[in-house]
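To start, the structure itself, in structure tokens.
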Amino acid sequence: MDTLSYKTLSATPESIQKNWVVIDAEGLVLGRVCSEIAKILRGKNKPSFTPNLDCGDNVIVINADKVVLNGDKMSKREYLRYTGYPGGQRSYTPGDLMEKSFKKTIKPGRHPLFIKVVKGMLPKTKLGAAQLNNLYVYNGAEHPFEAMNPTVIDLKIKK
Numbered sequence: 019m020d021t022l023s024y025k026t027l028s029a030t031p032e033s034i035q036k037n038w039v040v041i042d043a044e045g046l047v048l049g050r051v052c053s054e055i056a057k058i059l060r061g062k063n064k065p066s067f068t069p070n071l072d073c074g075d076n077v078i079v080i081n082a083d084k085v086v087l088n089g090d091k092m093s094k095r096e097y098l099r100y101t102g103y104p105g106g107q108r109s110y111t112p113g114d115l116m117e118k119s120f121k122k123t124i125k126p127g128r129h130p131l132f133i134k135v136v137k138g139m140l141p142k143t144k145l146g147a148a149q150l151n152n153l154y155v156y157n158g159a160e161h162p163f164e165a166m167n168p169t170v171i172d173l174k175i176k177k
């Protein structure tokens, strides 16, 4: 067998096929569903995965308000951020972010809890920021992307 005859094929921007995917998060654990979302956003589920290109799919998550966290993490877990000023350390819980997602001031499709969790699983580069823009999360079962003919991925089967 001649190993020199094998070639590693890398995707090019022209050859990338971006699809639309719908994931129903009802009754699923937040971290597990977000890790699957991060894989799909990066494109790691495709055979043509190229780490330096945005070859992932667009992901629509519905029923985000029915996601679960094990134990009492919804109220006990704390996330920290810092404003940059002395004494500016702020803490918030996943429950706070879930409540924030129902406010009218939040842009539709930008669920703060899912954005926070998935952002931590993507590369901390411009590419990771671009891939995060392909995520749309809605609290209800309705979404405005029916015209894209998204395929449904059932993560409940993977349990």
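Using the numbering used here, the first residue of the sequence shown is number 19, and each one after it goes up by one. Heads up, the beta-carbon is just placed ideally off N, CA and C, and yes, glycines get one too. It should be emphasised that the depicted structure is a prediction, and the values quoted were computed from it without experimental measurement.
>> Using a 10 Å radius around the Cβ and a threshold of 16 neighbouring Cβ atoms, would you call G89 buried or exposed?
In response: With fewer than 16 Cβ atoms within 10 Å of its Cβ, G89 is classed as exposed.
>> Please report the straight-line C-alpha distance between L115 and V51, rounded to a whole angstrom.
In response: 17 Å
> Around the C-beta of A148, are 16 or more other C-beta atoms found within 10 angstroms, so that it is buried, or is it exposed?
Replying inline: exposed
>> Output needed for S109: all residues of its chain with C-beta closer than 6 Å, excluding positions within five of it in sequence on either side, in chain order.
In response: Closer than 6 Å at the Cβ level, and outside the excluded window around S109, lie E96, L98.
> In terms of residue numbering, what span does the alpha helix (DSSP H) encompassing D114 cover?
Replying inline: 112–118
>> Going by the DSSP bridge assignment, what does Y24 pair with across the sheet?
In response: Answer by DSSP bridge pairing: none, since Y24 is not bridged.
>> Three Cβ pairs or more, each shorter than 8 Å: is that satisfied between the segment 116–125 and the segment 64–79?
In response: no
> Which term fits Y154, buried or exposed, when burial requires 16 or more other beta carbons within 10 angstroms of its beta carbon?
Replying inline: buried
>> I'd like to check one pair, D83 with N37: are the Cβ atoms closer than 8 Å?
In response: no
> Going by DSSP, which residues form a beta bridge with Y100?
Replying inline: In DSSP, Y100 forms a bridge with Q107.
> Is it right to say I58 is buried, meaning 16 or more other beta carbons lie within 10 angstroms of its own, or is it exposed?
Replying inline: buried
>> I'd like to confirm the pairing. Which residues does DSSP put opposite D42 in its beta bridges?
In response: D42 pairs with I80.
> Roughly how many angstroms lie between the CA atoms of V39 and L145, to the nearest whole one?
Replying inline: 20 Å
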